[in-house]
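Asker: One structure is given below, represented as structure tokens, and several questions about it will come after.
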Amino acid sequence: MKKLSPSLVSVKRITSAVPRSNFADRDLDKLARLILDAGGLINPIVVRRTSMDAYEIVDGNLEYYAAARAREIEPLKGETIGAFILEPENEALLLEQLEILRKTAISENLGEIETPKESFITEASVEIETLEASSSLEQRVTNIEARLEIQIHELKAEHAREKKVLAERIQEIENLIAQQLPLLIEAQLANRINELKSESASEKPCLVDAVPEVEQVTSQPMSLLAALNTQNPAQLKANFEYTKLVNDKIIQRILDEKRDVKPFVSFANVVERIQGLGDKTMIKIIDYWQNTHKL
Numbered sequence: 014m015k016k017l018s019p020s021l022v023s024v025k026r027i028t029s030a031v032p033r034s035n036f037a038d039r040d041l042d043k044l045a046r047l048i049l050d051a052g053g054l055i056n057p058i059v060v061r062r063t064s065m066d067a068y069e070i071v072d073g074n075l076e077y078y079a080a081a082r083a084r085e086i087e088p089l090k091g092e093t094i095g096a097f098i099l100e101p102e103n104e105a106l107l108l109e110q111l112e113i114l115r116k117t118a119i120s121e122n123l124g125e126i127e128t129p130k131e132s133f134i135t136e137a138s139v140e141i142e143t144l145e146a147s148s149s150l151e152q153r154v155t156n157i158e159a160r161l162e163i164q165i166h167e168l169k170a171e172h173a174r175e176k177k178v179l180a181e182r183i184q185e186i187e188n189l190i191a192q193q194l195p196l197l198i199e200a201q202l203a204n205r206i207n208e209l210k211s212e213s214a215s216e217k218p219c220l221v222d223a224v225p226e227v228e229q230v231t232s233q234p235m236s237l238l239a240a241l242n243t244q245n246p247a248q249l250k251a252n253f254e255y256t257k258l259v260n261d262k263i264i265q266r267i268l269d270e271k272r273d274v275k276p277f278v279s280f281a282n283v284v285e286r287i288q289g290l291g292d293k294t295m296i297k298i299i300d301y302w303q304n305t306h307k308l
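Basically the numbering used here = 1-based index in the sequence shown + 13.
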């Protein structure tokens, strides 16, 4: 028979027939942290193999639940626990050892309360058993309540972390949209301008140019972008007299943009700088200008 030595067993592969509520969460938590600090248990548990990679507790339920709690606190450090595994060739011997050790432990505990008077021992034993029986249910309920309170606290903390991550992700998306929106508007306006050019190519010269420089006045009708950059209030108002697309407020905002210092370089730039003017409205204004300023 090979020399007996404890093995490292994965905590999640072990089960216990004794309820966890039999042990106070305070004691389990304290022992769990001692296990983590010491790097292991001083007293290996005893397990029996139930399948190729599964085990059940034979002795050491307190140690097992403390190890399970250590794994909850620090998963990487509390993955395994030292254990003696009952095998067919050594099970009888180990169980016999275990029985003797248990009897010895019970005798030592009783010896601590021995007195010269046997009657007092009997009365004390009966009283202890009565107190243990009457408080067992209450203790289990207390342990369950304490464990639930810890789990609720952990769930709240996890919810707060997830909420923070979600808020950060939403902010990232909003920032990305803010960066991409001008490009999308410019692309949509360019597509619309190209459509208008294609529709009118056989009838008249192009009136809308998407090149991002200030358009100059030529022998052809003034372009919309040039008008927005150069015309005074009366001229702008006259050009848009028969449409509600450009009202006095929009005209005033155009004038307030200091066009002589920083002219509009594209229709997307106009939409970006003029409050109350959206990309769809800009496209309608382009259509209106095309129809009212033909050669």
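Every residue, glycine too, gets a C-beta built ideally from N, C-alpha and C.
1) Measure the C-alpha to C-alpha separation of V31 and I48 and round it to an integer number of angstroms.
2) Which value, in whole angstroms, describes the spacing of the CA atoms of E228 and L197?
3) Taking buried to mean at least 16 other C-beta atoms within 10 Å of its own C-beta, is M65 buried or exposed?
4) Only counting the same chain, and skipping five residues up and downstream in sequence, which positions put a Cβ closer than 6 Å to that of C219?
5) Which residue's Cα is closest to the Cα of F13: I94, Q110 and S149?
6) My understanding is that L202 touches I296, with C-beta atoms under 8 Å, so please give their C-beta distance in whole angstroms.
7) Taking the beta carbon of S232 as the centre, do at least 16 other beta carbons fall within 10 Å, making it buried, or is it exposed?
8) Do three or more CB pairs link the region 51 to 64 to the region 89 to 109 at distances below 8 Å?
9) If you compare alpha carbons, which of N156, E187, R115 and G53 is closest to S20?
10) Using 8 Å as the threshold, is the C-beta distance between V24 and G91 below it?
11) Please state if the CB of G289 and the CB of K262 are separated by a distance shorter than 8 Å.
12) Say whether the region 73 to 87 touches the region 104 to 115, bearing in mind that this needs 3 or more beta-carbon pairs closer than 8 Å, one atom from each stretch.
13) Nearest to L241 by alpha carbon, out of S29, V259, Q164 and I267?
14) Once you ignore the five residues that flank V284 on each side, which residues in its own chain have a CB closer than 7 Å to its CB?
15) Helix, strand or coil: which one does DSSP assign to R272?
16) How long is the line joining the alpha carbons of K116 and E162, rounded to whole angstroms?
17) Are the CB atoms of R26 and Y78 nearer to each other than 8 Å?
18) Compute the Euclidean distance between the alpha carbons of W302 and Q193, then round it to the nearest angstrom.
19) Measuring straight from C-alpha to C-alpha, what distance separates K275 and F253?
20) Helix or strand or just coil, what does DSSP make of E87?
21) So the alpha helix (DSSP H) E69 belongs to, where does it begin and stop?
22) Report back the beta-carbon spacing between I86 and A51 to the nearest angstrom; my notes put them in contact at under 8 Å.
23) Taking C-alpha atoms, which residue in T28, Y68, E185 and K16 lies nearest to E102?
24) Count the other CB atoms within 10 Å of the CB of A281; is the residue buried (16 or more) or exposed (fewer)?
25) Tell me where the beta strand (DSSP E) around A37 begins and ends.
26) Taking only the alpha-carbon atoms, compute the straight-line gap between T63 and E69 and give it to the nearest angstrom.
27) Going by the C-beta, is I86 closer than 7 Å to any heavy atom of the ligand SAH?
Answerer: This is what the structure holds:
1) In the sequence shown, counting from the first residue as 1, residue 31 sits at position 18. In the sequence shown, counting from the first residue as 1, residue 48 sits at position 35. Those two C-alpha atoms are separated by around 21 Å.
2) In the sequence shown, residue 228 corresponds to position 215, counting from 1. In the sequence shown, residue 197 corresponds to position 184, counting from 1. Legend: pLDDT at E228 = 42, less than 50; position of this residue unreliable, value from coordinates given subsequently. For E228 and L197, the distance between alpha carbons rounds to 22 Å.
3) As a working note, residue 65 is residue 52 in the sequence shown. Per the 10 Å Cβ criterion, exposed.
4) Looking up residue 219 in the sequence shown gives position 206. With a pLDDT of only 41 at C219, under 50, the local geometry of the prediction cannot be trusted, and no value is derived from it.
5) Given a span of 14 to 308 for the chain in the structure shown, any question on residue 13 remains unanswerable.
6) On the sequence shown, residue 202 is found 189 positions in, with the first residue counted as 1. On the sequence shown, residue 296 is found 283 positions in, with the first residue counted as 1. So it is a contact: roughly 7 Å between Cβ atoms.
7) Taking the first residue of the sequence shown as position 1, residue 232 is located at position 219. Low confidence applies to S232: its pLDDT is 43, below 50, so where it sits in the model is not reliable, and the reading given next is rough at best. Looking at its Cβ environment, which holds fewer than 16 other Cβ atoms inside 10 Å, S232 is exposed.
8) yes
9) Residue numbering aside, residue 20 sits at position 7 when the sequence shown is read from its first letter. Checked all of N156, E187, R115 and G53; the closest Cα to S20 is G53.
10) Residue 24 sits at position 11 when you count from the first residue of the sequence shown. Residue 91 sits at position 78 when you count from the first residue of the sequence shown. Yes, the Cβ-Cβ distance between V24 and G91 is below 8 Å.
11) Start at 1 with the first residue of the sequence shown, and residue 262 comes out as number 249. Start at 1 with the first residue of the sequence shown, and residue 289 comes out as number 276. Yes, the pair counts as a contact, with Cβ atoms nearer than the cut-off.
12) no
13) Taking the first residue of the sequence shown as 1, we reach residue 241 at position 228. Minimum Cα-Cα distance from L241 among the listed residues S29, V259, Q164 and I267 corresponds to I267.
14) Taking the sequence shown and counting its residues from 1, one reaches residue 284 at position 271. Around V284: I198, L290, G291, D292 and M295.
15) Within the sequence shown, numbered from 1, the residue matching residue 272 stands at position 259. R272: coil per DSSP, three-state reduction.
16) The count along the sequence shown starts at 1 and reaches residue 116 at position 103. The count along the sequence shown starts at 1 and reaches residue 162 at position 149. In a straight line, the C-alpha of K116 is about 37 Å away from that of E162.
17) For the purposes of this step, residue 26 is taken as the residue at position 13 of the sequence shown. For the purposes of this step, residue 78 is taken as the residue at position 65 of the sequence shown. Taking 8 Å as the Cβ cut-off, R26 and Y78 do not qualify as a contacting pair.
18) Within the sequence shown, residue 302 is the residue found at index 289, counting from 1. Within the sequence shown, residue 193 is the residue found at index 180, counting from 1. Straight-line Cα distance between these residues: approximately 28 Å.
19) Counted from its first residue, the sequence shown places residue 275 at position 262. Counted from its first residue, the sequence shown places residue 253 at position 240. Each residue's Cα considered, the two are about 23 Å apart.
20) The sequence position of residue 87 within the sequence shown is 74, counting from 1. Coil, per DSSP.
21) The sequence position of residue 69 within the sequence shown is 56, counting from 1. Here E69 belongs to no alpha helix (DSSP H); instead the beta strand (DSSP E) covers A67 to D72.
22) Counting from one through the sequence shown, the residue named residue 86 turns up at place 73. Counting from one through the sequence shown, the residue named residue 51 turns up at place 38. The Cβ separation is near 14 Å, so there is no contact.
23) In the sequence shown, the residue the question calls residue 102 occupies position 89. Of T28, Y68, E185 and K16, the residue nearest in Cα terms is K16.
24) Residue numbering aside, residue 281 sits at position 268 when the sequence shown is read from its first letter. Counting other Cβ atoms within 10 Å of its Cβ, A281 reaches 16 or more and is therefore classed as buried.
25) The residue labelled residue 37 in the question sits at position 24 within the sequence shown. Here A37 belongs to no beta strand (DSSP E), and DSSP marks it neither H nor E.
26) Here residue 63 refers to the residue found at position 50 when the sequence shown is read from its first residue. Here residue 69 refers to the residue found at position 56 when the sequence shown is read from its first residue. For T63 and E69, the distance between alpha carbons rounds to 7 Å.
27) As far as ligands go, the structure on display features none, and thus does not contain the ligand SAH.
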